[in-house]
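One structure is given below, encoded as structure tokens.
In my numbering, the protein residues as written are 10 to 242.
Now the structure itself:
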């Protein structure tokens, strides 16, 4: 059965192109042109496998829809479409619980690649829901998708959670930027902006480090990637 995508977008020319391209790539697409219409469709959210949300709509923003979905504790993958690549909009989308963003204008191949990566990760996540990883002063409960540091619960976005899990599973080892991009985003990383991973790393560091400017856990290995150091108090 084809994966079903909800597209929230009000630009008719973009809607036509996206519908054609996504259907050609094997996806079923349903379109909402307003926040109000999207709210109605999302009353039955289980029918969708992924959401694509424009940021600016006639009656609100895609951030509002993302917030509503995450407040219901739904883990469905969400991609934001934004007309601006300003970091403040990127960070806002991530804070609301978005998994990825793509800046207009974009290549349709780029969007499809991001979609495939997120759907693949969502499938893997369902299989990963088991037991607890203890790594120094950090604990990850896969059954409840919760993280504790020094006994303190961490509030992470879904993307931050996936990034942290990848690093902790490879604790004390260098995880290359290429591997992170390949496993969490595109199959070959070719469509991922160089700044994207840096934004995620910085936001995660602000949540897991006592002093983000002098990290004890999430270390940068210049020229290679990142490393999670197993630190106990």
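C-beta atoms are modelled at their ideal positions from N, C-alpha and C, and glycine is treated no differently.
On a predicted model such as this, the values are computed, not experimentally measured, just so you know.
Report the three-state DSSP secondary structure of residue i (helix, strand or coil).
i: residue 115; result: coil
i: residue 18; result: coil
i: residue 205; result: helix
i: residue 233; result: coil
i: residue 72; result: helix
i: residue 152; result: coil
i: residue 142; result: strand
i: residue 126; result: helix
i: residue 47; result: helix
i: residue 32; result: helix
i: residue 100; result: helix
i: residue 55; result: helix
i: residue 198; result: Residue placement at residue 198 is poorly supported in this model, since its pLDDT is 48, which falls under 50; the coordinates are not used for a value here.
i: residue 64; result: coil
i: residue 170; result: helix
Going by the CB atoms, is the gap between residue j and residue i shorter than 7 Å?
i: residue 74; j: residue 108; result: no
i: residue 14; j: residue 40; result: no
i: residue 99; j: residue 208; result: yes
i: residue 244; j: residue 78; result: The shown model of the chain, from 10 to 242, leaves out residue 244, and the question about it has no answer.
i: residue 61; j: residue 16; result: yes
i: residue 113; j: residue 92; result: yes
i: residue 128; j: residue 53; result: no
Counting C-beta neighbours from all protein chains within 10 Å, is the total for residue i 16 or more, i.e. buried, or is it exposed?
i: residue 55; result: exposed
i: residue 18; result: buried
i: residue 235; result: buried
i: residue 147; result: buried
i: residue 102; result: buried
i: residue 213; result: buried
i: residue 66; result: buried
i: residue 123; result: buried
i: residue 51; result: buried
i: residue 170; result: buried
i: residue 72; result: buried
i: residue 176; result: buried
i: residue 57; result: buried
What's the gap between the Cα of residue i and the Cα of residue j?
i: residue 168; j: residue 178; result: 16 Å
i: residue 106; j: residue 166; result: 5 Å
i: residue 130; j: residue 231; result: 27 Å
i: residue 139; j: residue 156; result: For residue 139, the predicted model reports a pLDDT of 48, less than 50, meaning its position is unreliable; a value from the coordinates is still stated below. So the two alpha carbons sit approximately 14 Å from each other.
i: residue 223; j: residue 185; result: 20 Å
i: residue 22; j: residue 34; result: 19 Å
i: residue 44; j: residue 90; result: 14 Å
i: residue 80; j: residue 96; result: 24 Å
i: residue 191; j: residue 111; result: 17 Å
i: residue 233; j: residue 145; result: 24 Å
i: residue 228; j: residue 182; result: 10 Å
i: residue 205; j: residue 142; result: 27 Å
i: residue 49; j: residue 27; result: 21 Å
i: residue 211; j: residue 117; result: 28 Å
i: residue 187; j: residue 150; result: 26 Å
i: residue 161; j: residue 174; result: 17 Å
In terms of alpha-carbon separation, which member of the options lies closest to residue i?
i: residue 180; options: 98, 76, 238 and 39; result: 238
i: residue 68; options: 46, 172 and 221; result: 46
i: residue 59; options: 66, 31, 70 and 20; result: 31
i: residue 172; options: 162, 154, 159 and 160; result: 154
i: residue 36; options: 206, 182 and 120; result: 120
i: residue 42; options: 29, 51, 24 and 104; result: 24
i: residue 158; options: 226, 175 and 49; result: 226
i: residue 219; options: 20, 132 and 163; result: 163
i: residue 132; options: 215, 193, 115 and 104; result: 193
For residue i, is the beta carbon positioned less than 6 Å from some heavy atom of the ligand ADP?
i: residue 66; result: In terms of ligand content, the structure shown is empty, and the ligand ADP therefore cannot be addressed.
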